[in-house]
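Colleague: Residues are numbered in our numbering as their position in the sequence shown, beginning at 1, plus a constant of 69.
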Amino acid sequence: AQENPTYPYEVIQEIADFITKGAGVRPKIGIICGSGLGSLADIIQDARIFEYEKIPNFPVSTVEGHAGKLVVGTLEGATVMAMQGRFHFYEGYPLAKCSMPVRVMKLCGVEYLFATNAAGGINPRYGVGDIMLMHDHVNMLGFAGNSPLQGPNDPRFGPRFPALTNSYNKDLINKAIEIGKAMGIESNIHVGVYSCLGGPNYETIAELKALRMMGVDAVGMSTVHEVITARHCDMKVFAFSLITNKCATEYNDKKDEEPSHDEVMAVAKMRQKDCCELVSRLIRELAMG
Ligand code: 6GU
Numbered sequence: 070a071q072e073n074p075t076y077p078y079e080v081i082q083e084i085a086d087f088i089t090k091g092a093g094v095r096p097k098i099g100i101i102c103g104s105g106l107g108s109l110a111d112i113i114q115d116a117r118i119f120e121y122e123k124i125p126n127f128p129v130s131t132v133e134g135h136a137g138k139l140v141v142g143t144l145e146g147a148t149v150m151a152m153q154g155r156f157h158f159y160e161g162y163p164l165a166k167c168s169m170p171v172r173v174m175k176l177c178g179v180e181y182l183f184a185t186n187a188a189g190g191i192n193p194r195y196g197v198g199d200i201m202l203m204h205d206h207v208n209m210l211g212f213a214g215n216s217p218l219q220g221p222n223d224p225r226f227g228p229r230f231p232a233l234t235n236s237y238n239k240d241l242i243n244k245a246i247e248i249g250k251a252m253g254i255e256s257n258i259h260v261g262v263y264s265c266l267g268g269p270n271y272e273t274i275a276e277l278k279a280l281r282m283m284g285v286d287a288v289g290m291s292t293v294h295e296v297i298t299a300r301h302c303d304m305k306v307f308a309f310s311l312i313t314n315k316c317a318t319e320y321n322d323k324k325d326e327e328p329s330h331d332e333v334m335a336v337a338k339m340r341q342k343d344c345c346e347l348v349s350r351l352i353r354e355l356a357m358g
């Protein structure tokens with residue numbers, strides 16, 4: 070088991086000061102770019118780039134497809150801060166370390182967290198390349214006794230026992246559905262339940278069957294601990310999964326091909342444009358108030 074490191078408030082504050090002073094702005098929207106969706110950060114204007122290794126006390130990401138930099142600037146008239154490259158439990162980092170950047174965002178002034186990920190589709194109605202707007206999650210790591218909030222609680226971030234019942238902002242989900250219609254991709258947009266497993270291995274068929282029975286629509290290896298950390302400090306959350314592969318939930322499934330990281334990355338790359346457009350349009354609406 071990995072001990073949660075404690076990043077005291079003062080350390081997070083120091084990192085936030087480093088970024089806001091370096092960037093000269095206080096971002097209002099935080100974006101976490103999922104696997105292959107890093108181009109979201111490339112469309113940020115007047116970008117000030119902070120490589121993770123140059124940020125004091127920041128972890129560095131080790132996964133292929135995750136660049137490892139923070140980009141601060143403006144997008145559709147809003148000040149934003151995007152993580153190109155996130156931290157995963159399977160890299161060996163404790164959850165509190167994985168989601169520490171969310172607290173940095175908070176102290177930089179961020180009010181909205183936009184998180185994206187690549188995920189396997191368990192709901193049989195989901196197709197490869199579809200987008201699932203997250204309206205809830207099943208935290209399998211939490212079932213296993215793990216949380217980014219374990220350890221001493223600092224009430225300057227939030228309460229000891231935060232509620233997670235309304236974690237995914239309904240207004241943002243509804244706006245995203247409208248935007249999907251305007252983009253003509255409404256048949257490729259779903260609203261569903263995401264589950265995070267530890268990884269790095271993909272799931273067995275028995276596990277996927279079990280997740281389906283639990284009401285899970287898509288499965289991945291990220292996002293949930295970031296959402297927990299964001300809700301703890303009262304940020305508004307919007308998150309979606311790009312479905313990069315269909316999961317086999319029967320042994321005789323015709324589609325029971327094995328998932329692979331290359332496939333995940335290839336689909337993410339192919340669908341990057343629509344994902345970016347969805348996010349930018351949503352941010353434009355927020356910026357217009
Ligand atoms: Cl099938 N499983 C998990 N855990 N993560 C994924 C995935 C599957 N496809 C993309 N990411």
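We put the CB at the ideal spot given by N, CA and C, even for glycine.
From what residue to what residue does the alpha helix (DSSP H) around Y359 run?
Modeller: Nothing about residue 359 can be reported from this structure: the residues present for the chain run from 70 to 358 only.
Colleague: For the ligand 6GU, I want to know if Y263 counts as a neighbour, meaning its beta carbon is within less than 7 Å of at least one of the ligand's heavy atoms.
Modeller: No, the beta carbon of Y263 sits no closer than 7 Å to any heavy atom of the ligand 6GU.
Colleague: Whether or not the stretch 173 to 186 and the stretch 79 to 96 are in contact is what I'm after, with contact meaning three or more pairs of Cβ atoms, one per stretch, closer than 8 Å; do they touch?
Modeller: The stretch 79 to 96, when compared against the stretch 173 to 186, does touch it at the 8 Å Cβ threshold.
Colleague: My guess is that I200 and C344 are in contact by the Cβ rule of under 8 Å, so how many angstroms apart are they, rounded?
Modeller: At roughly 7 Å, the Cβ-Cβ gap stays under 8 Å, so I200 and C344 are in contact.
Colleague: Would the C-beta of L210 count as close to the ligand 6GU, meaning under 7 Å from any of its heavy atoms?
Modeller: Incorrect: L210 has no Cβ contact closer than 7 Å to the ligand 6GU.
Colleague: Where DSSP assigns a beta bridge to S310, which residues make up the other side?
Modeller: In the DSSP output, where bridge partners are listed per residue, S310 has N186 and M201.
Colleague: Using the beta-carbon of each residue, find all residues closer than 6 Å to any heavy atom of the ligand 6GU and list them in chain order.
Modeller: Going by the Cβ distance cut-off, the answer is A187, A188, G189, L266, G268, Y271, E272, V288, G289, M290, T313, N314, C316, P328 and V333.
Colleague: Measure the C-alpha to C-alpha separation of K305 and Y237 and round it to an integer number of angstroms.
Modeller: Between K305 and Y237, the C-alpha separation is close to 7 Å.
Colleague: Just tell me which of G227, N314 and E122 has its CA closest to the CA of V288.
Modeller: The option with the nearest alpha carbon to V288 is N314.
Colleague: State whether the stretch 179 to 195 contacts the stretch 79 to 93, with contact taken as three or more CB pairs (one from each stretch) at a distance under 8 Å.
Modeller: Contact fails: fewer than three Cβ-Cβ distances are below 8 Å.
Colleague: Would you mind sorting V60 into buried or exposed? The rule is 16 or more other CB atoms within 10 Å of its CB.
Modeller: The displayed coordinates of the chain run from 70 to 358. Any statement about residue 60 would go beyond what the structure contains.
Colleague: According to DSSP, is Q219 part of a helix, a strand, or is it coil?
Modeller: In the structure shown, Q219 sits in coil (DSSP, three-state: anything other than H, G, I, E or B).
Colleague: Do L311 and R350 have their beta-carbon atoms positioned less than 8 Å apart in this structure?
Modeller: No, they are not a contact pair.
Colleague: Measuring alpha carbon to alpha carbon, tell me which residue in L202, D86 and P170 is nearest H362.
Modeller: No statement about residue 362 is possible, as the shown extent of the chain runs from 70 to 358 and does not include it.
Colleague: Pull up the CB-CB distance for E255 and G249, whole angstroms please, since I reckon it's below 8 Å.
Modeller: With 8 Å as the limit, E255 and G249 qualify as a contact, their Cβ atoms being about 5 Å apart.
Colleague: With 16 other CB atoms within 10 Å as the buried threshold, where does E295 fall?
Modeller: E295 is buried by the Cβ-count criterion.
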